[in-house]
Each structure stands twice: as structure tokens, then as C-alpha cells.
Amino acid sequence: MPDTPSSLSPAGDRHFDGLADKFADSLYGAARGELRLALLDRLLPEMLDLDGQPVLDVGGGLGQLAAWFAARGHPVTLAEPSGEMLERARARLAGQPVSLLQAPLQALPECAPGPWRLIACHAVLEWLADPRSALATLAGLLAPGGQLSLMVFNRDALRMSNVVKGNLEKALADRLEGTGKRRRLTPISPLTHGQVEAWAAESGLAISAVAGIRVFHDYLRQPPSSAADRARLLALERRYCRVDPHWRLGRYLLYTLEASPTHPQEPLP
Ligand SMILES: C[S@@+](CC[C@H](N)C(=O)[O-])C[C@H]1O[C@@H](n2cnc3c(N)ncnc32)[C@H](O)[C@@H]1O
0 MPDTPSSLSP
10 AGDRHFDGLA
20 DKFADSLYGA
30 ARGELRLALL
40 DRLLPEMLDL
50 DGQPVLDVGG
60 GLGQLAAWFA
70 ARGHPVTLAE
80 PSGEMLERAR
90 ARLAGQPVSL
100 LQAPLQALPE
110 CAPGPWRLIA
120 CHAVLEWLAD
130 PRSALATLAG
140 LLAPGGQLSL
150 MVFNRDALRM
160 SNVVKGNLEK
170 ALADRLEGTG
180 KRRRLTPISP
190 LTHGQVEAWA
200 AESGLAISAV
210 AGIRVFHDYL
220 RQPPSSAADR
230 ARLLALERRY
240 CRVDPHWRLG
250 RYLLYTLEAS
260 PTHPQEPLP
């Protein structure tokens, strides 16, 4: 199929209109999506204080994470700017306690101000032109002591996988990010751990937990070919996803960021 023209939003973000099929097939239709969900299923209860509180799922896409929270008794508000993604989420989530809101992250202070005790924003910041101010916006939606489950595409892992695949010139030139202009799923703003640390601190958020999602899978020369090997790989991913240095090269970095009990803080003079 030919590439569709750019659909960057006026803010320069890559809304997923025109990408829903490709995203559904290449991530959630494949082993890597299954692995991501299996890891989250273990990690989210370990990394978050879950007590059935309402959740705002920002850039909720096809609704897998919203379904996970809803199945555990959380009322969920799924915000998503792409009408195409939202329609698929609506079909998946029929009958579940999930409200759908067609809105970009930048509109949430007006559309869903909360304050929220729990916000999830998974695999979204890397599709935005200005992920730093997006993180500040999310911080502003949190209640005092609230938690943000943030997952971002890891720029260092992108370099590593390019080198492993033999894309040496691209890696040496550090031309790692996508343009968002075609039907490609290479993010326009892959992030480093250092950026998340710095931007969280300036937004008054503390990192209380971190993990790598797919610390081994994306570097394999051969995908596991039997169910027994797939189970061994999952066991390895689970064992090492929070262990230094392995988490640092996870394809995604998963954080719990916490607002202080006196949040929001006064801006520094
Ligand atoms: C890679 S998908 C992730 C979807 C889902 N969170 C998940 O983990 O499966 C990125 C999503 O971010 C959405 N997105 C892009 N720009 C956005 C923005 N400014 N605000 C909120 N979501 C945005 C896209 O439309 C897309 O659905």
C-alpha cells in the first residue's frame, strides 16, 4: 500500500489516523505486543498503588490498557485524539466502565482536569513534537500524591537495535528518529532516561520505580520458535526487567512518577 501523506497535527504530533491497522498488526498482532502486555500485567501491580481509583488513560489507542484497568475494577477515562483509534477502542471496550474522550493530551487541562490520583500515558510522548511540555501538562493533572504510569520509547535501545541490525551509518550519524510523515512506526521523539529524569524533576515529580519493557526480545537473532522457548524468554524478561543494567536497554522504559503530597509545587522564582 502506498504511504499516506503526513498527518501531523497542528502541534506537530503524530496522531494515529491512517496507522490504526498497521499498529494493530505490527504490535498487538505480534509476539512483541503479547510480551508487552504480559510484562505490564506483572509490573503495574508491583509499581503502582492500585485500589480501584479512577484512571485517566492518555493517548489510549486501541484500548488494551484501559481494558486491563477496567477488568480490575477501575473506572477509566480513555482520551485519544485519533477518531480511527477511538472507534476501535469503542468496539473493544463495549460494556466496560470506560468513558471515551476524543482529545489530545494538550486539551486535557480543559476537558479532563481531574485532579487524578492515577494517570497512565503509555507510548505516547515519543509521538509528540514537544514531549517535555507534555510531561509538565500531565504533572498538572495529578492530585497531590498521585501517580503517573509513564511508558516511553527508549532512544538508547533504538540505537542498539539499529546497530544489531547492521544500520551502522544511520547509528553513527545518530539519525534515529522517524519523521512521522509516512506510514512508519518509528517515533519522532524517542526519549532517553536522562531526559525523563530531568523533565520529571522540573515538573515536581519523583521517580519511584522504573523497568525496561522487552530488554532482550528486540535484540534476538531468531525469535523463539517453540512455546517452551517463548515461556523461557518471558521468564528472562520478567527476571531482569528491573535489574540494572538490563532495564536501561528495554525497548520501552516504564516509570512510576509521583506527585508530592503538597503538589502542585510553587514554581521556582
Ligand atoms: C503507539 S500508540 C500507543 C497507544 C496506547 N497507549 C498503547 O500503549 O497501546 C500512540 C498513541 O498516541 C496518540 N497520540 C498522538 N498524539 C497525541 C496527543 N497529542 N495526545 C494524546 N495522544 C496522542 C496516537 O493517536 C496513538 O493512539
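Every letter in the sequence shown is one number past the one before it in numbering that gives the first Met the number 0, and letter 134, counting from 1, is 133.
Idealized CB from N, CA, C, for every residue including glycine.
None of these values were measured; they are calculated from a predicted model.
Please indicate yes or no: does the CB of residue i lie closer than 7 Å to some heavy atom of ligand 1?
i       : result
Glu-109 : no
Glu-79  : yes
Ala-234 : no
Pro-130 : no
Glu-105 : For the sequence presented, residue 105 should be read as Gln rather than Glu. Indeed, a heavy atom of ligand 1 lies less than 7 Å from the Cβ.
Arg-238 : no
Arg-13  : yes
Val-75  : no
Met-84  : yes
Ala-122 : yes
Trp-126 : yes
Leu-292 : The structure shown does not extend to residue 292, since the chain spans only 0 to 268, so no value can be given for it.
Phe-22  : yes
Based on DSSP bridge pairs, tell me the residues matched to residue i.
i       : result
Tyr-239 : DSSP, once it has assigned bridges, lists no residue as partnering Tyr-239.
Glu-257 : Gln-146 and Ala-205
Cys-120 : Leu-149
Thr-76  : Leu-55 and Ser-98
Gly-82  : None; Gly-82 has no bridge partner.
Leu-7   : Arg-13
Gly-211 : Leu-252
Trp-115 : Leu-141
Leu-190 : Asn-153
Exposed or buried, which one is residue i when buried takes at least 16 other CB atoms within 10 Å?
i       : result
Ala-172 : exposed
Ser-273 : Nothing in the structure corresponds to residue 273, since the chain is present only between 0 and 268.
Met-0   : Confidence at Met-0 is low in this model, with a pLDDT of 35, below 50, so its placement is unreliable and no value can be given for it.
Are the segment 195-211 and the segment 256-263 in contact at 8 Å, needing three or more beta carbon pairs? Flag = yes, the segment 195-211 and the segment 256-263 touch.
Segment contact, 8 Å Cβ cut-off, at least three pairs: the segment 243-256 with the segment 148-160: Yes: at least three Cβ pairs fall under 8 Å.
When you compare the segment 33-52 with the segment 87-107, are there three or more beta-carbon pairs, one atom per stretch, that lie closer than 8 Å? Contact fails: fewer than three Cβ-Cβ distances are below 8 Å.
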